[in-house]
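With full-length UniProt numbering, letter number 558 in the sequence shown gets 558, and the count goes up by one each step, no holes.
Every residue, glycine too, gets a C-beta built ideally from N, C-alpha and C.
This one's a predicted model, so the numbers in the text were calculated from it and none came from an experiment.
What follows is a set of notes on a single structure, which appears directly below.
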Amino acid sequence: MINILTNSTNNFGLNKNLTNYIVSVLSESNDNNTIINSILSYIGDNFNLDKIILLRSNRELTALNSIYEWHSKTSEPSKIKSCDISKNFIQSIKHQVIVCDDFKNFDKNNILYPLVKKLHSQSFICFSLYNTYFTGFLIFSLTSAPHKWNENEINNFSLISKFFENYILKFYKNSDYEKEIKIATSITKSQNLYTYALNSNSYELEFIGENLKQLFPSVKLGELCYKTLKTRNSPCENCPILNENSNIHDNKSNEYFDPYLNMWVSSIVSKINLSNNKNIRLICLSNIGNFIERIKSKDSLTGLLSLSKFQDKAIKILDSNVFDNFAIVFSDINKFKYINENIGYSTGNILLTEVARLFSSNLTEDELVCRNGDDKFILLIKYNTITDLRNRIDSLNEQILTLQNNKFKNINIALISGISLASTNNRDVIQLIDRANITRKTLKNSHKSTYSVYSCELHSKITKEKSIEYKMRSALINKEFIVYLQPKIDLSTRQISGAEALVRWLPPDENLIPPKDFIPLFEKNGFVVELDFYVYEEVFKVLRKWLDEKKCLVPISLNVSRIHLRDYNFVPRLTSLINKYNLPTDLIELEITESTFFENINQLLKVISELKHYGFTFSIDDFGSGYSSLNILKDLPIDVLKLDKGFFPRDNISKKEKIIVSTIVDMAKKLDIRVISEGIETIEQCDFLTNIGCDMVQGYLFAKPMPISEFEKIVSSSNYDF
């Protein structure tokens with residue numbers, strides 16, 4: 001027989017011993033596990049049950065989990081660990097008691113059937129538990145034989161279910177909160193957060209975090225925060241909970257140096273409503289000293305301003321002196337890399353500090369200078385006429401020559417400077433710096449100090465760039481960008497083992513535009529992302545076509561711009577595209593330039609790991625063009641190392657070049673990294689690379705970049721010979 005009852009307690013026939021036992025256990029123990037186990041054991045033994053199971057719902061009300069189970073010595077544990085539930089399930093069993101005398105008669109269409117089937121019971125009573133909302137089940141079970149449940153049993157079990165509703169499940173709710181508190185406390189400790197809470201209507205302390213307690217062990221709740229923490233008679237100037245009207249202010253943050261904590265802090269205040277309708281303000285102080293240190297305004301070597309500080313100050317100066325003439329001068333020391341590498345970095349550093357001192361000593365009021373990394377310096381100079389400005393720059397260059405003659409006689413010091421003039425209509429510091437930098441880059445290979453002023457010709461160049469930007473989107477839509485492939489040759493077989501995808505721009509009725517004329521601009525304005533994915537799709541189409549036609553397949557390498565690594569959509573977009581063409585990822589090699597690895601190594605490693613998971617191959621492009629490459633090889637999960645063409649600047653390979661390249665190839669082999677060398681143009685270079693065990697080469701000696709159709713013919717031909 002199966003009865004569905006309402007879960008209400010009738011005191012008739014209640015077991016007083018049971019009630020007394022529960023009271024006794026509660027008074028003698030504070031451990032909830034002990035309380036639950038004792039009560040379940042008592043009930044099971046006194047009513048000759050086989051199993052008692054407590055199931056608790058999760059917060060989302062989507063699943064039931066077994067949190068406690070008692071079973072007799074003669075019965076096995078149940079197989080109920082968890083089960084999914086639905087809103088319909090909850091509505092169907094709301095406040096119900098299911099009494100089943102014989103499971104054979106239990107309706108298989110009953111929504112509880114999948115759950116109780118796991119009990120392997122002959123008879124059971126199932127109570128739905130509620131504490132504001134559905135919280136679970138308490139099930140009393142017999143597995144040996146059917147049983148006619150009497151009123152006394154039902155009433156006593158109902159009493160127990162009410163006890164679990166009102167006590168045990170509340171305990172679990174509190175346990176959840178306790179868990180959250182422990183996690184929050186752990187976070188504040190690990191992140192060096194200093195927390196305290198104040199009464200909303202005063203500065204009285206309501207809570208003190210562990211980190212703050214360690215600094216102020218004698219602080220007590222109820223004391224005024226500014227008195228006990230800061231030994232003051234009034235609130236602090238940087239108090240995070242005050243606005244100008246001295247009223248409590250939500251979500252106000254502030255950054256300042258706290259002399260009492262002896263650190264730079266960021267503070268934020270939040271309002272918290274407690275369950276007793278009491279409001280408090282939680283103040284959280286985080287130590288930002290390390291962050292401040294990283295972005296501090298001084299260059300550590302020269303003592304000059306950092307670029308960011310220079311820009312901030314320059315903006316204020318230009319805004320405050322709108323009728324005065326100013327110029328931005330962007331200078332660098334010509335061939336400073338040669339000085340570092342051939343004379344020594346210590347000498348290079350001394351030279352930088354001397355140049356910095358020279359610049360600083362020439363500044364007047366409202367003038368600035370900063371070091372912008374390496375050997376680059378930026379100045380803000382005030383002038384009356386262009387002639388005066390030129391005289392100032394000439395004087396600086398003469399002083400550089402004097403510095404060379406007095407302290408660096410064996411070094412040729414040439415200061416290369418670009419100048420841009422601020423006008424009443426253009427006080428944009430960043431644009432002025434860019435223009436001065438562009439001008440500087442037009443001055444090449446001068447053996448003496450020289451300078452140039454941003455001109456109309458340079459303006460025309462910028463205009464040309466704007467024209468390219470205007471055309472680039474329509475060019476992409478009209479497929480004016482053509483994908484070329486340059487073969488990679490396996491040195492052991494002299495066969496094509498792969499290719500690199502490159503892009504050319506062929507506007508209608510115009511000559512082919514090489515990448516150097518548009519790629520740098522596209523990287524600057526971000527359009528390289530769309531161009532790259534255009535190239536990716538064109539390559540994927542070709543690979544799909546070759547697969548369908550059962551043609552000879554070789555992996556194609558694709559260039560990955562550094563901009564992609566800052567785009568969180570890059571990985572899903574790339575994987576979605578390759579899935580679109582149903583291509584195996586081992587046909588794709590992703591090339592990342594060496595310089596990219598020094599920008600954001602953590603983000604780069606994350607992207608590489610994600611894509612390696614999908615089966616993509618990775619290579620470092622232009623290896624050797626930087627200065628710290630060897631340090632990163634041990635940390636990078638790369639498959640291929642592509643030697644920069646700069647290793648072979650001449651037809652004849654020098655002894656030093658041979659030693660360096662041989663060492664790199666040998667090291668890569670030991671790291672299980674394949675090596676390819678690009679820019680190979682002579683037989684001597686090829687023979688040398690073959691002898692030292694280089695895997696592949698790429699260069700004009702074998703083939704120039706070519707249209708895809710031409711590449712197809714070469715790969716399909718059985719007569720080609722490299």
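### Message
Short of 7 Å in beta carbon distance, which residues of its chain neighbour C694, apart from the five on each side in sequence? Order them along the chain.
### Response
L491, V665, V675, S677
### Task
State the start and end residues of the unbroken beta strand (DSSP E) segment that holds R504.
495 to 505
### Task
List the whole-angstrom C-beta distance separating F89 from I111, where the pair is believed to meet the contact cut-off of C-beta under 8 Å.
6 Å
### Message
Using CA atoms only, rank isn't needed, just tell me which of K488, L401, L421, N425 is closest to S449.
### Response
L401
### Query
How do the segment 578 to 585 and the segment 512 to 526 stand: do at least 3 beta-carbon pairs fall below 8 Å, yes or no?
no
### Query
Nearest CA to the CA of V542: which residue from E530, V529, L531, I556?
I556
### Query
Just checking my contact of L565 with V529 at CB under 8 Å: how many whole Å lie between their CB atoms?
Not confirmed; about 11 Å, so no contact.
### Task
Check whether the Cβ atoms of L633 and L671 lie closer than 8 Å to each other.
yes
### Query
When the Cα of E480 is compared with those of I208, E538, F157, which residue comes out closest?
E538
### Message
Could you pull the DSSP bridge partners for W149 from this structure?
### Response
In DSSP, W149 forms no bridge with anything.
### Query
Contact between the segment 390 to 407 and the segment 369 to 376: three or more CB pairs below 8 Å?
no
### the segment 93 to 104 / the segment 118 to 126 touching (three or more Cβ pairs under 8 Å)
yes
### Query
Going along the chain, which residues of its own chain have a beta-carbon closer than 8 Å to the beta-carbon of I411, five neighbours each way excluded?
I339, I343, T347, L351, Q404
### Task
In the DSSP assignment, find the unbroken alpha helix (DSSP H) run with F137 in it and report its ends.
Per DSSP, F137 belongs to no alpha helix (DSSP H); it is in the beta strand (DSSP E), 133 to 142.
### Query
Looking at the structure shown, is F518 part of a helix, part of a strand, or coil, going by DSSP?
coil
### Task
Spell out the partners DSSP gives S82 in its beta bridges.
N65
#### Entry: Minimum C-alpha distance to F134 - residue among S609, S92, V116, S144
S92
### Message
Report the CB separation of A422 from A327 in whole angstroms; it is logged as a contact under 8 Å.
### Response
7 Å
### Message
Can you list, in chain order, the residues of its chain with a C-beta nearer than 7 Å to that of Q685? Leave out the 5 residues immediately preceding and following it.
### Response
F648, I653
### Query
With burial defined as no fewer than 16 other Cβ atoms inside 10 Å of the residue's Cβ, what is the status of F323: buried or exposed?
exposed
### Message
For C225, report the span of its beta strand (DSSP E) as first-last.
### Response
Careful: C225 lies outside any beta strand (DSSP E), inside the alpha helix (DSSP H) at 225 to 228.
### Task
Use the C-beta contact count for D299: other C-beta atoms within 10 angstroms, 16 or more gives buried, fewer gives exposed.
buried
### Message
Assuming contact is defined by CB atoms lying nearer than 8 Å, are I333 and V355 in contact in what I supplied?
### Response
yes
### Query
Between the C-alpha atoms of L229 and I578, what's the straight-line distance to the nearest angstrom?
60 Å
### Task
Could you check the C-alpha separation between I438 and S331 for me, to the nearest Å?
11 Å
### Task
Determine the DSSP secondary structure at C694, reduced to helix, strand or coil.
coil
### Query
DSSP on T424, reduced to helix/strand/coil?
coil
### Member of L485, I563, S467 whose CA lies at the smallest distance from the CA of K713
L485
### Query
the ligand MG heavy atoms versus the CB of Y256: any closer than 7 Å?
Of the ligands one can find in the structure shown there are none, so the ligand MG has no counterpart to examine.
### Task
Counting only runs of 3+ residues fully inside the UniProt domain "GGDEF" (324 to 456), write out the beta strand (DSSP E) ranges in chain order.
325 to 333, 368 to 371, 376 to 383, 415 to 422, 450 to 453
#### Entry: C-alpha distance - N478 paired with K337, whole-angstrom precision
43 Å
### Query
Under three-state DSSP, which class holds A703?
coil
#### Entry: At least 3 beta-carbon pairs within less than 8 Å: the segment 155 to 163 vs the segment 194 to 211
no
### Task
Could you pull out every residue in the same chain whose Cβ sits closer than 6 Å to the Cβ of F711, ignoring the five residues on either side in sequence?
L485
#### Entry: Under 8 Å between C-beta atoms of L590 and V560
yes
### Message
So, for W546: in the same chain, excluding its five sequence neighbours on each side, which residues have a beta-carbon less than 7 Å away from its beta-carbon?
### Response
L553
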